[in-house]
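Below is one structure, written out as structure tokens; comments come after it.
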Amino acid sequence: MGANAILLITIWLEESLHEPMYYLLSLLSLLDMVLCLTVIPKVLAIFWFDIRSISFSACFFQMFIMNSFLPMESCTFMVMAYDRYVAICHPLRYPSIITGQFVAKASAFIIARNSLLLSPVPILSAQLRYCGKNVIENCICANLSVSRLSCDNFSLNRIYQFVAGWTLLGSDFLLIFLSYIFILRAVLRFKAEGALVKALSTCGSHFILILFFSTILLVVVLTNVARGRIPMDIPILLNVLHHLIPPALNPIVYGFRTKELKQGFQKLLQRGL
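Per the UniProt record's numbering, residue 1 is the first one in the sequence shown, and the count goes up by one each step.
This is how it looks when you write it as structure tokens:
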């Protein structure tokens with residue numbers, strides 16, 4: 001939370017950072033902060049104060065945020081990968097393609113696409129009939145954990161979440177992968193000394209973080225599918241870590257490894273002192 005807040009304040013106050021790439025970084029930080037504020041305080045309340053209850057509406061609101069904002073994050077990664085593709089493969093056209101208007105349209109698309117397509121998941125869960133125990137086997141209101149408490153058949157809920165979620169995430173990661181393939185192909189043609197190393201250093205760290213995001217998400221899904229064969233504590237732990245580790249790494253890998261952001265942060269520190 002602290003790192004993302006510092007990154008947002010630095011971009012907001014430093015005029016030299018009012019550029020499309022840093023606006024996308026701001027969007028990524030905002031998504032990370034919303035996910036943390038929606039999930040982690042309740043997890044800490046359980047661990048620290050043993051406050052386990054959660055209201056019906058709060059549970060489904062948390063479910064909506066998780067189902068919508070995680071694909072929003074992958075979609076933001078996709079737009080950022082496209083930004084790097086244009087910057088490296090078409091540098092002369094970059095100022096005319098990646099503009100403030102482009103970022104505004106991309107942000108509206110990210111929010112609208114994922115909110116509209118994934119809002120049926122908590123709605124379908126909320127319409128189920130709950131007549132048995134009301135204790136979920138998780139510290140987060142995950143869709144399947146809640147739906148399993150119902151007395152109704154929740155196959156439609158499960159199928160919709162699987163199809164919609166993996167269609168959105170799959171298309172995002174496919175476009176990300178293709179963007180970095182084109183970037184790598186273009187970089188290998190560079191003849192300028194140090195150009196290859198600089199490009200790979202910038203894009204390599206981004207790609208590793210995206211790969212980590214997708215891998216841990218895949219592990220969470222697989223452990224939930226294989227429930228019964230593994231201890232329940234493992235998917236719960238992975239679920240919590242998935243809401244902690246990427247938001248902690250994103251501002252470091254995407255933000256403060258960038259020269260301009262480091263200089264902007266140093267200027268703010270000097271002003272404060």
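No residue lacks a Cβ here, since even glycine has one placed at the ideal position from N, Cα and C.
Nearest neighbour of Leu238, chosen from Ile176, Cys139 and Asp172 [CA to CA]: Closest option to Leu238, Cα to Cα, is Cys139.
Just to confirm the assignment, what range does the alpha helix (DSSP H) spanning Ser68 have? Run containing Ser68: Phe56 to Cys89, per the alpha helix (DSSP H) assignment.
Would you be able to state if there are at least three C-beta pairs under 8 Å between the stretch 244–260 and the stretch 22–30? As far as the Cβ criterion goes, the stretch 22–30 touches the stretch 244–260, which means the pair count is three or higher.
Spatial neighbours of Leu273 in its chain, beta-carbon cut-off 7 Å, leaving aside the 5 residues before and after: Any reading at Leu273 must be qualified, since the residue scores a pLDDT of 49, below 50, and its modelled position is unreliable; the value itself is stated next. Nothing listed; no residue qualifies.
Determine which residues share a DSSP beta bridge with Ile9 and list them. Beta bridge pairing from DSSP links Ile9 with no other residue.
Determine the DSSP secondary structure at Ile110, reduced to helix, strand or coil. The answer is helix: DSSP assigns Ile110 an H, G or I state.
Would you kindly check if the distance between the Cβ of Leu144 and the Cβ of Arg129 is under 8 Å? Not closer than 8 Å, so no.
What are the boundary residues of the alpha helix (DSSP H) that includes Leu156? Leu156: member of the alpha helix (DSSP H) spanning Ser155 to Leu188, first to last residue.
Verify whether the separation of the beta carbon atoms of Arg84 and His206 is less than 8 Å. Yes; because the gap between Cβ atoms is below 8 Å, this pair is in contact.
Could you tell me if Ser119 is buried or exposed, where buried requires 16 or more neighbouring beta carbons within 10 angstroms of its beta carbon? Label assigned to Ser119: exposed.
Quick check: the stretch 167–178 against the stretch 62–81, are there 3 or more CB pairs under 8 Å? By the Cβ criterion, the stretch 167–178 is in contact with the stretch 62–81, since at least three pairs of Cβ atoms, one from each stretch, lie closer than 8 Å.
Own chain partners of Ala126 with C-beta closer than 6 Å, once the 5 adjacent residues on each side are dropped: Hits under 6 Å: Phe60.
Take Ser150 and list the residues in its own chain whose beta-carbon comes closer than 7 Å to its own, dropping the five residues that flank it on each side. Counting only residues of its own chain and dropping the five nearest sequence neighbours on each side, Ser150 has a CB closer than 7 Å to the CB of Leu128, Arg129 and Tyr130.
Val34 - DSSP class collapsed to helix/strand/coil: Helix, per DSSP.
Which residues in the same chain have their Cβ closer than 6 Å to the Cβ of Glu14, if we skip the five residues on either side of it in sequence? Excluding residues within five positions, the ones whose Cβ falls inside 6 Å are Gly264.
Considering only the alpha carbon of each residue, which of Pro246, Ser57, Met63 and Leu17 lies closest to Val39? Val39 has its Cα closest to that of Met63, out of Pro246, Ser57, Met63 and Leu17.
Should the stretch 105–120 be regarded as contacting the stretch 159–169, the criterion being three or more beta carbon pairs within less than 8 Å? At 8 Å Cβ cutoff, the stretches touch.
Between the alpha carbons of Ala87 and Ile210, how many angstroms are there, rounded? It is roughly 19 Å from the alpha-carbon of Ala87 to the alpha-carbon of Ile210.
Given a threshold of 16 other Cβ atoms within 10 Å of its Cβ, counted over all protein chains shown, does Gln161 qualify as buried or as exposed? Counting other Cβ atoms within 10 Å of its Cβ, Gln161 reaches 16 or more and is therefore classed as buried.
Output yes or no for whether 8 Å exceeds the beta carbon distance between Phe102 and Pro20. Contact annotation: Phe102 and Pro20 have beta-carbon atoms nearer than 8 Å.
Let me know if Ser147 comes out buried or exposed under the rule of 16 or more other beta-carbons within 10 Å of its beta-carbon. So Ser147 counts as buried.
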